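Asks:
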Amino acid sequence: MPGSRHSAAAAQLFFNKRWTIAHRGRHRRRMGHLLVLLGMIGIPSAVLAGPVAARDSGAEERLLAAGSADMFEHVTRGARAERQPSAGFRAKRPGKRYSVTVPIGKPKPSVTLPRIEGPADSRLPLVVIDAGHGGHDPGAISPHNGSREKDITLALARAIRADLLASGRVRVALTRADDRFLVLEERFGIARRLKADLFISVHADAAENRDASGASVYTLSEVASDREAARLAARENKANIINGVDLGAHSGDVSSILLDLTQRETMNTASDFARLLQREAGEAVKFRTHAHRFASFVVLKAPDTPSVLFETGFISNKGDAEFLASPAGQKKVARGVRDAVQLHFARRITAR
499 MPGSRHSAAA AQLFFNKRWT IAHRGRHRRR MGHLLVLLGM IGIPSAVLAG PVAARDSGAE
559 ERLLAAGSAD MFEHVTRGAR AERQPSAGFR AKRPGKRYSV TVPIGKPKPS VTLPRIEGPA
619 DSRLPLVVID AGHGGHDPGA ISPHNGSREK DITLALARAI RADLLASGRV RVALTRADDR
679 FLVLEERFGI ARRLKADLFI SVHADAAENR DASGASVYTL SEVASDREAA RLAARENKAN
739 IINGVDLGAH SGDVSSILLD LTQRETMNTA SDFARLLQRE AGEAVKFRTH AHRFASFVVL
799 KAPDTPSVLF ETGFISNKGD AEFLASPAGQ KKVARGVRDA VQLHFARRIT AR
């Protein structure tokens, strides 16, 4: 019927208008969400004014284009261009390059050899006593009385020298008789240049565990006897390094020394003396349970000089620190070293 057709057409037209309005409403909500999202990432709303105005004018093609990837890229690229900082705010490159140098002084060809004390008889054995640390290197510091390892080792070295000289049976030289720094290679280098028969490097240990106490004697081995020996060797060997500069860089001469470590006779002689020292000084000096230990100390690497490193105690321990800092304690240590040295050379003479 004609009336029915007109009614259907009117209904269809009304439906189409409602659908268009709803469709445009959905587009408006989507574009609103997009604007909020773009606002959160910092794109100015003015950049989107064109597409929004086009949407309001009813150009649906512009709406679709605005939602496309190409238009989004165009919009965001313009926003990034707006947000780029002005060249006027950028820091200028420095016109000159600057560097800081710290002079550490020129290395001396060799240190002056110390004076040999004792009887003027070159046939008598020579013992070189090395007081560990010194100069800018204080070594360990006691948390109890503030005593420094470099001061304690120097006092012990002087006490040992006095007792050895009093015996009249050996000659003695100190690697340092005052507060000065020596590179580790220089220490055993002095003993080699003097053709020493025995080299004793005196130290005082420290540990986080303040209950740790007692003396120990180390001889050379490339394989440490335990983890503590490896830790101690690593700490003592760092004495050569100042501000990251290795002052004990190996020369060709020292490199040849390291290759000669296969001379086991020297290492065996040093081990014999280490056991003697523990036995002879054990009555006056407290030793650890496993007192004879092995580690790769630089100062022990002279291939032709029997060498030991004597850790006289822990200055991190209150009792040991007081013992080592007292003249009475230093005298007991010196007496034990003297007795061990005398017996050691008596055995060597008998074995010839």
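Residue numbers (the numbering used here): 499 to 850. Note that CB positions come from ideal geometry on N, CA and C, so glycine has one too. Quantities reported herein were computed from a predicted structural model and do not represent experimental measurements.
Going by other Cβ atoms of all chains shown within 10 Å of its Cβ, with 16 needed for buried, is D818 buried or exposed?
Replies: So D818 counts as buried.
Asks: Strictly under 8 Å for the Cβ-Cβ distance: is D709 near chain D by that measure?
Replies: The chain inventory of the structure shown lacks chain D, comprising one protein chain alone.
Asks: Going by the CB atoms, is the gap between A838 and F771 shorter than 8 Å?
Replies: Yes, these two residues count as a Cβ contact at 8 Å.
Asks: In terms of residues, what are the limits of the beta strand (DSSP E) holding T803?
Replies: Per DSSP, T803 belongs to no beta strand (DSSP E) and is neither H nor E.
Asks: Starting from D837 and walking both ways along the alpha helix (DSSP H), at which residues does that stretch end?
Replies: 825 to 849 is the span of the alpha helix (DSSP H), which, as asked, contains D837.
Asks: Excluding sequence positions up to five away, which residues of its chain have a Cβ less than 6 Å from the Cβ of R669?
Replies: Once the five neighbours on either side are set aside, the close Cβ partners of R669 are I614, G616, L622, L624.
Asks: Determine, using beta-carbon pairs with one atom in the region 681 to 692 and one in the region 776 to 784, whether at least three such pairs fall under 8 Å.
Replies: No: the two stretches stay apart, fewer than three of their Cβ pairs being nearer than 8 Å.
Asks: Over the uninterrupted beta strand (DSSP E) stretch that includes A629, give me the two end residues.
Replies: From DSSP, the beta strand (DSSP E) with A629 extends over 624 to 629.
Asks: Below 8 Å, how does it come out for the region 823 to 833 and the region 794 to 802: are there three or more Cβ pairs, yes or no?
Replies: Output reads no: the region 794 to 802 does not touch the region 823 to 833.
Asks: My assumption, with CB atoms under 8 Å, is that V715 sits in contact with Q776. Please give the rounded CB distance.
Replies: At roughly 6 Å, the Cβ-Cβ gap stays under 8 Å, so V715 and Q776 are in contact.
Asks: Could you give the distance in angstroms between the alpha-carbon of S769 and the alpha-carbon of A653?
Replies: Approximately 25 Å between the Cα atoms of the pair.
Asks: Between the Cα of F843 and those of A675, L696, R646, spot the shortest distance and give me the residue it belongs to.
Replies: It is L696 whose Cα lies nearest to the Cα of F843.
Asks: When you compare only the Cα positions, how much space is there between S608 and G644?
Replies: Roughly 34 Å separates the two Cα atoms.
Asks: How long is the line joining the alpha carbons of G630 and L798, rounded to whole angstroms?
Replies: Roughly 12 Å between the two C-alpha positions.
Asks: To the nearest angstrom, how far is the alpha carbon of G834 from that of N815?
Replies: If I take the Cα positions, the gap works out to 21 Å.
Asks: What separation, rounded to the nearest whole angstrom, lies between the Cα atoms of G637 and E778?
Replies: The straight-line gap from Cα to Cα measures roughly 27 Å.
Asks: When we look at the beta-carbon of G666 and count the other beta-carbons within 10 Å, is it buried (16 or more) or exposed?
Replies: Exposed, by the Cβ-count rule.
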